[in-house]
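**Q** I'd like to ask you about the structure that follows.
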Amino acid sequence: QVQLVESGGGLVQPGGSLRLSCAASGSIVSIDTMGWYRQAPGKERELVASIKRNDSTNYADSVKGRFTISRDNAKNTIYLQMNSLKPEDTALYYCNANIQSWTIFNYWGQGTQVTVSS
């Protein structure tokens, strides 16, 4: 059984920073693309950033220059460093990964809340 567990969310003032982590565990053979999505109330879930096993990255235009995604393949973990946070970054942030166990499947974490407010 494979699990994705996120951590690091919380309440931060505008202009502040947070670092999210997502660790994959279980019967894992390999992990391809991992990423962060977010969903604000009343809005659709959207891609924030993704990273391939070779460290190739992709960012939403709204977070370019402020957020940085990284991964530690030895720990099956990805991180999202979020700087210069804005109120519009407030959302539930989900980790996502394409993981090969006995088959290749797309997994989601349970989500971690990020609230940017003064």
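Numbering (our numbering), first residue to last: -16 to 101.
We treat Cβ as the ideally placed atom computed from N, Cα and C, and that holds for glycine.
Would you kindly check if the distance between the Cβ of Trp19 and the Cβ of Tyr62 is under 7 Å?
**A** no
**Q** Is DSSP giving Glu71 helix, strand or coil here?
**A** helix
**Q** For the beta strand (DSSP E) holding Asn41, just list the boundary residues, first then last.
**A** Where Asn41 is concerned, the enclosing beta strand (DSSP E) starts and stops at 40 to 42.
**Q** Spatial neighbours of Thr16 within its chain, please: C-beta separation below 6 Å, excluding the five flanking residues on both sides.
**A** These residues qualify, in order along the chain: Ser33, Lys35, Asn81.
**Q** Please return the same chain residues whose Cβ sits closer than 7 Å to the Cβ of Pro70, not counting the five positions on each side in sequence.
**A** Pro(-3), Val99, Ser100
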